[in-house]
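*Asks:*
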Amino acid sequence: MKLNTIKRAGRSHFVDMGPIRLRQPFPTQHIESIDPFILLHHYGPYEISEDSNPFDLGPHPHRGFEPVTFLVQGEQLHRDSLGHESVVKAGDVQWTTAGRGIIHAEGPTKEFVKKGGTLEGIQLWLNLPAEKKMIEANYQHAAYEEFNVIISEDKKVDTRVIAGTLNGFYGKIATQTPVNAFMIDAKAEGKQTINFDTRQQGMLYLLSGKVLINASETLELDKNQLLEFNQDGDRFSLEAETDSKLLFLSGEPIKETVATYGPYVMNSQTELLEAMRDYQMGKMGFLPAN
Numbered sequence: 188m189k190l191n192t193i194k195r196a197g198r199s200h201f202v203d204m205g206p207i208r209l210r211q212p213f214p215t216q217h218i219e220s221i222d223p224f225i226l227l228h229h230y231g232p233y234e235i236s237e238d239s240n241p242f243d244l245g246p247h248p249h250r251g252f253e254p255v256t257f258l259v260q261g262e263q264l265h266r267d268s269l270g271h272e273s274v275v276k277a278g279d280v281q282w283t284t285a286g287r288g289i290i291h292a293e294g295p296t297k298e299f300v301k302k303g304g305t306l307e308g309i310q311l312w313l314n315l316p317a318e319k320k321m322i323e324a325n326y327q328h329a330a331y332e333e334f335n336v337i338i339s340e341d342k343k344v345d346t347r348v349i350a351g352t353l354n355g356f357y358g359k360i361a362t363q364t365p366v367n368a369f370m371i372d373a374k375a376e377g378k379q380t381i382n383f384d385t386r387q388q389g390m391l392y393l394l395s396g397k398v399l400i401n402a403s404e405t406l407e408l409d410k411n412q413l414l415e416f417n418q419d420g421d422r423f424s425l426e427a428e429t430d431s432k433l434l435f436l437s438g439e440p441i442k443e444t445v446a447t448y449g450p451y452v453m454n455s456q457t458e459l460l461e462a463m464r465d466y467q468m469g470k471m472g473f474l475p476a477n
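Read in order, the letters of the sequence shown correspond to residues 188 to 477 in the working numbering.
(1) What is the DSSP secondary structure of M463, reduced to helix, strand or coil?
(2) For A368, which residues of its own chain have a beta-carbon under 6 Å away from its beta-carbon, when the five flanking residues on both sides are left out?
(3) Would DSSP call Q281 helix, strand or coil?
(4) Can you find the residues in the same chain that come closer than 8 Å, C-beta to C-beta, to P206, ignoring five residues on each side of it along the sequence?
(5) Roughly how many angstroms lie between the CA atoms of S273 and A329, to the nearest whole one?
(6) Please look up how many angstroms separate the CB atoms of A285 and G251, rounded, as I've assumed it's under 8 Å.
(7) How would you call N314, buried or exposed, if buried means at least 16 neighbouring beta carbons within 10 angstroms?
(8) Shortest alpha-carbon distance to V255 belongs to which of G245, S236, L226 and G420?
(9) What is the DSSP secondary structure of E293, counted as helix, strand or coil?
(10) Out of L474, L190 and Y451, point me to the one whose CA is closest to M321's CA.
(11) Would you identify the three-state DSSP class for V300, choosing helix, strand or coil?
(12) CB-CB under 7 Å to Q418, same chain, minus the five flanking residues each way: which ones, in chain order?
(13) Just to confirm the assignment, what range does the beta strand (DSSP E) spanning F383 have?
(14) Q260: which of Q327, G308 and P246 sits nearest, CA to CA?
(15) Roughly how many whole angstroms lie between the Cα atoms of Y392 and E318?
(16) Quick check: the Cα distance between I441 and T305, rounded to an integer number of angstroms?
(17) Is the distance from the Cβ of E443 to the Cβ of L399 below 8 Å?
(18) Applying the criterion that 16 or more other CB atoms from any shown protein chain within 10 Å of the CB defines a buried residue, is I153 buried or exposed?
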């Protein structure tokens, strides 16, 4: 039993995506991706009201990967070309398998905009291997209350198992590839050790607070917020200095050529052109504007 050594640490700088300003720990100049994870966006916290609602994304397509939303605060409406329409609330997770193609839209519900409140979440792009890029699209929505929770011995750290497995507890989300996703809420001075498969490449992202990892590296808001681990152990330790929230992700590297353009993640430029053509021809379905 050995702690994974830390491969690199990274900041979570703000970038502008149209009217939306959000944090993007990767891709950056220093961290292109963490295979099999292609992109991580941390949006919010935004104060949403009828006068200010920048995060309202109309219908748009995806192909070749899995866009995942971990909603931290607020309330969002999800609609897609498969016919799903669901309200995603704080603590919920929506896991979309775009596969051969899906069109979806998301944004704060009308009720949430009217009453006002704080919106915050994580948008993750999880790659699919070539053999699964053109599978049927699928959508999963799991509520906060549905996840198994592992509580530390000191009762100060809760780890929600969203996908994968931890200490014999399984995630609610079914995955296409071997992946772990855990949301960790730690109170000040809380301690916990998290195990994961040595075959998987792991990373840890801090949403809020200040945490010491492996008694050697500190994650803190507006400083280093991302850690990537080497595949040389089977666990990491954390000690919270303040109340903190973290997202742990790990997965078996796919080790394939990645070609991306806009909302598509494929293996070649030819496949990207085919994706654009198929979308224009209506082969990814149809979703009217709200």
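Backbone N, C-alpha and C define an ideal beta-carbon position, used for all residues, glycine too.
*Replies:* Put simply:
(1) helix
(2) Same-chain partners within the cutoff: I349, A350 and L436.
(3) Note: Q281 maps to strand in three-state DSSP.
(4) P241
(5) Each residue's Cα considered, the two are about 11 Å apart.
(6) 6 Å
(7) The Cβ neighbour count for N314, taken over all protein chains shown within 10 Å, is at least 16; the residue is labelled buried.
(8) L226
(9) The answer is strand: DSSP assigns E293 an E or B state.
(10) Distances from the CA of M321 to each of L474, L190 and Y451 were compared; the closest alpha carbon is that of Y451.
(11) Here V300 sits in helix by DSSP.
(12) T385 and Q388
(13) Looking at the DSSP string, F383 is not in any beta strand (DSSP E), and its letter there is neither H nor E.
(14) G308
(15) 29 Å
(16) Computed Cα separation, rounded: 36 Å.
(17) no
(18) There is no way to answer for residue 153, as the model of the chain reaches only from 188 to 477.
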